[in-house]
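Q: Dumping the structure here so I can ask a few things about it.
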Amino acid sequence: MKQIFNFRNYKFRYFNIRLFIYISVLSVIGVLVIQSASMNTGENTAAKQIMGVALGGICMMVLSLVDYRWLMRNYIAIYVGTLILLALIFVPFIGTDAGTGARRWIRLGIQIQPSEFAKIGMLLFFAMFLQLVQDQVNELPTIGLTAVVFAVPFLLIVKEPDLSSSLVVTFVFLIMLYTAKLSYKWVLSGLAVGILGVLGVFQLLESGILQKLNILRQYQVNRILVFKNPNLQPDLVRQQKNSVMAIGSGQLNGKGLFNTDINSVKNSNFLMEQDTDFIFAVVGEELGFIGSCVIILLLALVVFECILTAIRARDLSGRLICMGMAALITFQSFVNIGVATQILPNTGLPLPFISAGLSSLLSVFIGMGVVFNIGLQRRSEIF
122 MKQIFNFRNY KFRYFNIRLF IYISVLSVIG VLVIQSASMN TGENTAAKQI MGVALGGICM
182 MVLSLVDYRW LMRNYIAIYV GTLILLALIF VPFIGTDAGT GARRWIRLGI QIQPSEFAKI
242 GMLLFFAMFL QLVQDQVNEL PTIGLTAVVF AVPFLLIVKE PDLSSSLVVT FVFLIMLYTA
302 KLSYKWVLSG LAVGILGVLG VFQLLESGIL QKLNILRQYQ VNRILVFKNP NLQPDLVRQQ
362 KNSVMAIGSG QLNGKGLFNT DINSVKNSNF LMEQDTDFIF AVVGEELGFI GSCVIILLLA
422 LVVFECILTA IRARDLSGRL ICMGMAALIT FQSFVNIGVA TQILPNTGLP LPFISAGLSS
482 LLSVFIGMGV VFNIGLQRRS EIF
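Taking my numbering, the leading residue of the sequence shown gets 122, the next gets one more, and so forth.
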């Protein structure tokens, strides 16, 4: 027990009250916006969100007291547990598609989405893994081993299929590699390959070759092609166009929460997933430009505090966890808002602390709990 709660190393005066306030305010805003977005659906979404915030807050505070170095010593168990959780999706009577066609959920008393927890599991595992190989991180055998270890959970996520979550874990993984001081030679080479790969995917999609290989589902192909040429299938971009109009209609101050305007997105069924993937459309319409900027600022402050905690961390694993959480929140926020404003292809990623969804909410609270613990064991000096 002492190994788990090592209070002798904690400096409780370093508890990050600013970060706690930012997260609390975002969570309250999320509940209010979800309540407004779902007021005409007949679903008790806001009550579920309140339960998720309460449970997530408890998990966060408990984990803030759990020595993260104890978690690091159990990094193999975390990795194996992540693989088992992802593999359960493909077990009959446990994994389910929840009527969407994509097999992304499991039912173990309650329905959860393993890929959301896999993001945190992979983050914790690679924090320790990269610390152990930090002196050889630029050597080819180490890079090869790292790629293989990453590929196993990554391919399980892709197989569901869950392209958006696979992009998240890839981005977080790359940021962690960079933080572990991967050589610029590898960084620039990877960037060049990535750019050429994206261009190549577009070419293969337009030629129809990639469809024949069954690497992507047809709906994923359509979303990518329509983003490049919206006139190809106008129905597929209608959601995003309605989202942009909703955000614009909010103007500076918004129409107000819980409004009954018949032309609003929530009252006229202009949008699907208005409390999850397109929650920012409701934010823009009801809270306006000012409210949207407040939420973006709060998310930016959460990311800033994660980076600041990383700078002050006692060791590389702590620094990697904090940078990984900063990358996760940054990427998911950018993609969610980018989809709602039609600057990115339509893909489903929750807006951290705001979107409805128990799995996504709990996972980000769990990650932030570990960040709090790293902050309690920080170095006194910044540099």
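The beta-carbon is built from N, C-alpha and C at its ideal position, and this holds for glycine as well.
#1: DSSP state of glutamine 232, grouped into three classes?
#2: Residues bridged to glycine 412 by DSSP?
#3: With 16 other CB atoms within 10 Å as the buried threshold, where does glycine 490 fall?
#4: Exposed or buried, asparagine 374, counting other C-beta atoms within 10 Å across all chains shown (16 or more means buried)?
#5: Taking 8 Å as the threshold, find out whether the stretch 409-417 comes into contact with the stretch 266-284 through three or more Cβ pairs.
#6: Is the beta carbon of valine 187 closer than 7 Å to that of isoleucine 125?
#7: Thinking glycine 217 and aspartate 396 are a contact (beta carbons under 8 Å), I'd like their distance in whole angstroms, please.
#8: Quick one: which unbroken alpha helix (DSSP H) runs of 4-plus residues sit fully inside the stretch 133-196? Chain order, please.
#9: DSSP on glycine 490, reduced to helix/strand/coil?
#10: Tell me, to the nearest whole angstrom, how far the beta carbon of leucine 261 is from that of tyrosine 196; I am working on the premise that it is less than 8 Å.
#11: So threonine 263 and valine 270 are in contact, right, with Cβ under 8 Å, and what is the actual spacing, rounded?
#12: Flag this pair as yes or no: are the beta carbons of methionine 446 and glycine 377 separated by less than 7 Å?
#13: Where do the N-terminal and C-terminal ends of the alpha helix (DSSP H) with alanine 447 fall, by residue?
#14: Between the alpha carbons of isoleucine 138 and aspartate 283, how many angstroms are there, rounded?
#15: Identify every run of the alpha helix (DSSP H) within the stretch 355-385, keeping only runs that are complete inside it and at least 4 residues long; order them along the chain.
#16: Note down, one range per segment and in chain order, each alpha helix (DSSP H) of at least 4 residues found wholly within the stretch 222-289.
#17: Flag asparagine 363 as yes when its Cβ comes closer than 6 Å to any non-hydrogen atom of the ligand PLP, and as no otherwise.
#18: Leaving out the 5 sequence neighbours to the left and right, which residues in its chain are closer than 8 Å to glycine 66 when beta-carbon positions are compared?
#19: Indicate the three-state DSSP secondary structure (helix, strand or coil) for threonine 397 in the structure shown.
A: To lay it out plainly:
#1: Strand at glutamine 232.
#2: According to DSSP, residue pairing for glycine 412 in a beta bridge does not occur.
#3: Classification of glycine 490: buried, given that the 10 Å Cβ count is 16 or more.
#4: Label assigned to asparagine 374: exposed.
#5: Verdict: no, contact absent.
#6: Contact: yes.
#7: The sequence as given places threonine at residue 217; glycine does not occur at that position. Their Cβ separation, rounded to whole angstroms, is 21 Å, which puts threonine 217 and aspartate 396 out of contact at 8 Å.
#8: Every alpha helix (DSSP H) stretch that sits fully inside the stretch 133-196 and reaches 4 residues is listed by chain position as 138-158, 166-186 and 189-194.
#9: Glycine 490 falls in the helix class under three-state DSSP.
#10: Contact flag wrong, Cβ pair sits at about 23 Å.
#11: Incorrect: roughly 11 Å between the Cβ atoms, too far for contact.
#12: Cβ distance not < 7 Å, so methionine 446 and glycine 377 don't count as in contact.
#13: Unbroken alpha helix (DSSP H) run through alanine 447: 437-461.
#14: Rounded to whole angstroms, the gap between the alpha carbons of isoleucine 138 and aspartate 283 is 35 Å.
#15: As far as the stretch 355-385 is concerned, its whole alpha helix (DSSP H) runs of at least 4 residues are 359-370.
#16: Listed in chain order, they are 235-253 and 261-280.
#17: You won't find the ligand PLP in this model; it holds no ligand whatsoever.
#18: Past the edges of the chain, shown from 122 to 504, lies residue 66, and the structure says nothing about it.
#19: Note: threonine 397 maps to coil in three-state DSSP.
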